[in-house]
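Protein chains in written order, with this note's numbering: chain X, 1 to 136; chain Z, 1 to 220; chain G, 1 to 260; chain V, 1 to 274.
Just below is one structure, and these are the notes that go with it.
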Amino acid sequence: MLTSVTNSLRNPTYLPFVVVQVLVALYAWFAARAGLFRNLKLAVPAGLGLGILAAAASTPISYKIFGCSTSGGVTLMTLLGRKLGMSDLVACAFSAFVSDFGDKAVTFGLVATVLHALPKRTAARFPLALRSIGAA
Amino acid sequence: MSGRHPFTLLALAAALPALAWTLPAPWGPAATLIVALTLCLPAPRVARTAFFTAAPFWLFLFLLHDRATALAIALRLSTMIASFVWLVAILPPARLVEALVSAGYSVHVAFLFAATLSAVPALRARAQRIVDAQRCRGLATRGGPLTRLRALRALALPLVLSALHEVDERALALETRGLSAGTRRTPLAPPPDLWVERVARWALVAGCVAAIVGRVLWRV
Amino acid sequence: MAGLTLADVRFWYPATERPALDGVSLTVAPGDVVAVVGAVGAGASTLLLVAGNLAPRVTGGRLEGSVRTAPSGIVLPTPWTQASGMAFSVWDEVAFGPANLGVPRDEIARRVDRWLARLEVTQVAARDPATLSGGELQRVILAGVLAMEPALLLLDEPTAELDPAGAALVWRLVRELARADERCVLVATSDLDAIPAFATQVLWLQHGRVRAAGPPADVLARDDIWTDGPGATTVAGLWRQAGLAGPVPLTVADAVARVR
Amino acid sequence: MTPALRCDGVWFAYGASPAVSDLSFSLAPGERVALLGKNGAGKSTLVRLITGLLQPAVGTVWVGDWETRGRRPEQLARRVGSVFQHADQQLFASSIRADVEFGPRALGLPRAECVRRAAAALSALDLEPLAHEHPYDVPPPWRKLAALAGALALEPMLLVLDEPTAGLDRALRGLVARAVAQRAAAGVSVMVVTHDLAFAAEALDRALVLDAGRLACDAPLAELLGDAARLTPLGLVPPAVAALSRALALPGAPLRAAEVARALASVARPSRPV
């Protein structure tokens, strides 16, 4: 959440999406407790799941507040969606999904790598970290 | 304007977008945008930033929607962008921290906000140093996706590990500097809070509530 | 009697078997400056954390034995981790500590200006701490801790980031602090050449135990501090390497006197 | 014999005022140089120019027969091994050995060669016993040595080290001095940015002094280190070994500990029968 607030200092359009970050944090907490960072084969799909959730959560915000114009890419995707016969809202969801799809999976993969790279002494200080890679 | 109490500036920067989204388009958001722009005008740099941040949205919106809808959303978005860019330019974080502390908020709340703000440039500088150092021992940063992924790993891992490793030292430093001393912290430069400003703040809140109620009643 | 007293202290960091301190007893009276020396990992840093009531309270771990200490301030060797993160000017950074203690504002202003001057960083008072060099930030952090007027000052490698001129300033200040303000100072350092100039006592730690303690002239003149320890001053080393007998001179002046 | 490093009329400016102006000097293979100067004198700018992180606005920087202009740091890393301040923050592998191997592997060298080079670099700094440890599970001074080993493992023709001894105790400083001497003896040219004149006296030969971006002095260390008048404006103080050498007017103004000890013995012994 703090990241999106800090980002919004540079680009105010992040601010309305703070709510989505809350969901991302909760999802990550559940994923950690479930030990989904044990290896990349689990972490990356978990990231995809988050990608879908995040896209679903950000669609209403993007649609209502931004009219689905958060960025050039999103706008093009929405126009493409419309061309394919989707309604306004569905086209907006389509654009959110496409733009958000990959990066959460990459993030989860990176988080898994970091957690596995933690030294013993530091890892011992964060029990949830150990649990998330199935080492607790 | 910059002499006003930080909470007044916050209230104004929050009220304008709130009013923009509750007052009926197009004259509502147009009015709030004009107010936001008059705030930005004294500082050309702020006005320019606001303009260049908002401009792309006007283009996208007119591509996406019919004239009326696009205009409404564009005016509202521009109000939000202008008032927020103005707030960031006019309210130095240090003054907001002082205001939070002297208003009795726990120093930890102020610390969390300020520490995040000062951590961002520090970590960005460290990231640049790490990338430079890794390149000087052969790490290629330009090339195919595999190369870029390997470069990302050689940056993200040391950044996170070195930052995590310093958690102890940072905690010790804050402890020794009395952050959790439990005594009431002395605000270094408490901003003067005139009753006029307090009244203005409540007026803004009341205005927003009235707008929301009006919109609900009018819509029903 | 204010000051610091440790009686048979043993301390383990979390999740480690070997104790970082293994039976350390020490008394430091006001006005004393104790230089703690030893190889890396001998326990010098841990001793400062225990003396500052930070270990195990903040670091975690287990402590045995008794520790009687005074209000203290510690300066760690990595200044970039010691900045408060809440101050956007050097003046506010130095005022951070006293403000947290609830010191009245005019007293804070007096202290900040005094310590900025004594550390010779007044000229950067308005700058953002993040823009300072390692050496400047180290002196600002030291000023920030001293502004809290701690009875016990704990310095862990205070000159690590300083150039020789900056280091000379800090060592001079440490000596003045102890003598003038009746403060206790514990300094963990590997700058052995500076010890005769500022320390009243030297404590040689090895594997968490006290190997030797006493005035610099005694501890630094021992032969085994070279064979089995961190060594002593450069001049003492050269005198020993030259195979010369008699009491070992510690400084250049001592050596010149001995040779003339 | 082409010099390991040559700067020809090098200029560089971040904004308006030049950080480095008209720098010309060269380092022969095997030469060991101390780069001295106050903060802001241009030392780190010069280091960044040599490693290719910056390109000179005017003039040329030669590493052997390679010009740095147009070459990226990751290419120059074949010839320039560099260690920056806070180098311990760049380590990330799960063991010190793996991290030291990072450089050679990034250069695309065969597996066996990477292992050999890492082993050689680790033993040069007595890091073998800690080789399996995670970099963040060892005390910071040893982690700093591990970063230095990473540069040694590149087996470059030129080593550029920025404050390699900051935060190290006497024993570890001795290891760094030994490694520098070994590499120099093997023909590697070494430039060390440092305030630690005791280390410079023991391990280096020549001094390059920068002042406001210009080369203010290029002289043997022996000549500079005993002269407090020339050191004070640089924020430097004569190291004890040079001060003693000058105070006792030891013949030949020796700097290395062994030579000073021998001279001290000859000066002190006749007047004090053992």
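In this text, a Cβ means the ideal position worked out from N, Cα and C, and glycines have one as well.
Q.
Check whether chain G comes within 8 angstroms of alanine 117 of chain X, counting only Cβ atoms and requiring the distance to be less than that.
A. It does not; no Cβ of chain G falls within 8 angstroms.
Q: Could you check how far apart the C-beta atoms of arginine 170 of chain V and glycine 231 of chain G are, in whole angstroms? I think they sit under 8 angstroms.
A: Right, the Cβ-Cβ distance comes to about 5 angstroms (below 8 angstroms), so this counts as a contact.
Q: For chain Z, find out if any of its Cβ atoms is closer than 8 angstroms to the Cβ of serine 99 of chain X; answer yes or no.
A: Not one beta carbon of chain Z lies nearer than 8 angstroms to the beta carbon of serine 99 of chain X.
Q: Residues of the segment 82 to 93 of chain G with a CB closer than 9 angstroms to any CB of chain Z: list them in chain order, please.
A: Contact annotation: in the segment 82 to 93 of chain G, residues whose CB is within less than 9 angstroms of a CB in chain Z are Gln82, Ala83, Ser84, Gly85, Met86, Ala87, Phe88, Ser89, Trp91 and Asp92.
Q. So which of X:Gly134, X:Ile133, X:Val114 and X:Val22 has the shortest CA-CA distance to histidine 165 of chain Z?
A. Across the set X:Gly134, X:Ile133, X:Val114 and X:Val22, the C-alpha of X:Val114 shows the shortest separation from the C-alpha of histidine 165 of chain Z.
**Q.** Residues, ordered as in the chain, of the segment 168 to 197 of chain Z that lie near chain G by beta-carbon distance below 8 angstroms
**A.** Flagged, chain order: Asp168, Glu169, Arg170, Ala171, Leu172, Ala173, Leu174, Glu175, Thr176, Arg177, Gly178, Leu179, Ala181, Thr183, Arg184, Arg185, Thr186, Pro187 and Leu188.
Q) Per the contact definition of three or more C-beta pairs closer than 8 angstroms, is the segment 111 to 120 of chain Z in contact with the segment 77 to 86 of chain Z? A) No, they do not touch.
Q: Since I believe valine 131 of chain Z is in contact with threonine 141 of chain Z (beta carbons under 8 angstroms), could you give me their beta-carbon distance rounded to a whole number of angstroms?
A: Contact flag correct, Cβ pair sits at about 7 angstroms.
Q. Taking 8 angstroms as the CB-CB limit, is alanine 15 of chain G close to chain X?
A. With 8 angstroms as the cut-off, alanine 15 of chain G counts as an interface residue toward chain X.
Q. Going along chain X in order, which residues have a C-beta closer than 9 angstroms to the C-beta of histidine 86 of chain V?
A. Chain X residues near histidine 86 of chain V: none, gap ~18 angstroms exceeds 9 angstroms.
Q. So, leucine 21 of chain G versus valine 36 of chain G, is the Cβ gap smaller than 8 angstroms?
A. Not closer than 8 angstroms, so no.
Q. What are the uninterrupted segments assigned as alpha helix (DSSP H) that are 4 or more residues long and contained completely in the segment 239 to 271 of chain V, given in chain order?
A. Annotation note: the segment 239 to 271 of chain V contains the following uninterrupted alpha helix (DSSP H) runs of length 4 or greater, listed N- to C-terminal: 240 to 247 and 257 to 268.
Q. When the cut-off is 8 angstroms and only beta carbons count, does proline 73 of chain V lie next to chain Z?
A. Nearest CB-CB separation between proline 73 of chain V and chain Z: below the 8 angstroms threshold.
Q. Can you check whether the CB of leucine 154 of chain G is closer than 8 angstroms to the CB of serine 89 of chain G?
A. Contact: no.
Q) Does the beta-carbon distance from leucine 158 of chain V to valine 80 of chain V come in below 8 angstroms? A) Going by C-beta atoms, leucine 158 of chain V is nearer than 8 angstroms to valine 80 of chain V.
(Q) Less than 8 angstroms between CB atoms is the rule here; does arginine 131 of chain X satisfy it with respect to chain C? (A) The question asks about chain C, but that chain is absent: this structure's protein chains are X, Z, G and V.
Q: Could you name each continuous alpha helix (DSSP H) segment of 4 residues or more that falls completely within the segment 16 to 61 of chain X, going from the start of the chain to the end?
A: Those alpha helix (DSSP H) runs which fall completely within the segment 16 to 61 of chain X and span 4+ residues are 18 to 33.
Q.
Any beta carbon of chain V sitting closer than 8 angstroms to that of arginine 129 of chain Z?
A. Yes, its Cβ sits closer than 8 angstroms to a Cβ of chain V.
(Q) In whole angstroms, give me the CA-to-CA distance for alanine 123 of chain X and threonine 81 of chain G. (A) The alpha-carbon atoms of alanine 123 of chain X and threonine 81 of chain G are separated by roughly 20 angstroms.
Q.
Considering only DSSP beta bridges, list what alanine 34 of chain V is partnered with.
A. Its beta-bridge partners are V:Val192 and V:Ala207.
Q: Would you mind reading off the limits of the beta strand (DSSP E) that contains serine 89 of chain G?
A: Segment: none, serine 89 of chain G is in no beta strand (DSSP E) and carries neither H nor E.
Q: Determine the chain G residues that contact alanine 124 of chain X at a beta-carbon separation under 7 angstroms, and present them in chain order.
A: Correct list: Pro14 and Ala15.
Q. Can you list, in chain order, the residues of its chain whose CB lies under 7 angstroms from that of threonine 5 of chain G, leaving out five sequence neighbours each side?
A. Closer than 7 angstroms at Cβ, skipping near neighbours: Thr27 and Arg68.
Q) Hey, is the segment 246 to 255 of chain G in contact with the segment 26 to 42 of chain V, meaning 3+ C-beta pairs nearer than 8 angstroms? A) Result no; under three Cβ-Cβ pairs closer than 8 angstroms.
Q: State the start and end residues of the unbroken beta strand (DSSP E) segment that holds threonine 27 of chain G.
A: Looking at the DSSP string, the run of the beta strand (DSSP E) that includes threonine 27 of chain G is 21 to 28.
Q.
Out of G:Gln241, G:Arg240 and G:Val235, which one is the CA nearest neighbour of leucine 248 of chain V?
A. Measuring from the Cα of leucine 248 of chain V, the nearest candidate turns out to be G:Val235.
Q) valine 153 of chain G bridges to which residues according to DSSP? A) Reading off the sequence shown, one finds leucine at residue 153 of chain G, where the question assumed valine. G:Gly73 and G:Val185.
Q) Are the segment 195 to 205 of chain V and the segment 241 to 258 of chain V in contact at 8 angstroms, needing three or more beta carbon pairs? A) The segment 195 to 205 of chain V makes contact with the segment 241 to 258 of chain V, as at least three CB pairs between them are under 8 angstroms.
Q: Please state if the CB of valine 20 of chain X and the CB of alanine 57 of chain X are separated by a distance shorter than 8 angstroms.
A: Contact: yes.
Q: Taking a Cβ distance cut-off of 9 angstroms, strictly less, list which residues of the segment 125 to 142 of chain G are near chain V, in chain order.
A: Residues Ser133, Gly134, Gly135 and Glu136.
Q: Determine, using beta carbons only, whether proline 19 of chain G comes closer than 8 angstroms to chain X.
A: It does not; no Cβ of chain X falls within 8 angstroms.
Q: Identify which residue in Z:Trp86, Z:Pro26 and Z:Val46 has its Cα closest to the Cα of alanine 70 of chain Z.
A: Ranking the options by Cα distance to alanine 70 of chain Z, first place goes to Z:Pro26.
Q: Please check the pair valine 180 of chain V and leucine 168 of chain V, which I expect to be a contact at CB under 8 angstroms, by giving their CB distance rounded to whole angstroms.
A: Valine 180 of chain V to leucine 168 of chain V, Cβ: 13 angstroms. No contact.
Q.
Counting C-beta neighbours from all protein chains within 10 Å, is the total for isoleucine 96 of chain V 16 or more, i.e. buried, or is it exposed?
A. Residue burial annotation: isoleucine 96 of chain V is buried, with at least 16 other C-beta atoms found within 10 angstroms of its C-beta.
Q. So is histidine 132 of chain V in contact with chain X if we call contact Cβ pairs under 8 angstroms?
A. Residue contact check for histidine 132 of chain V against chain X: no CB pair falls below 8 angstroms.
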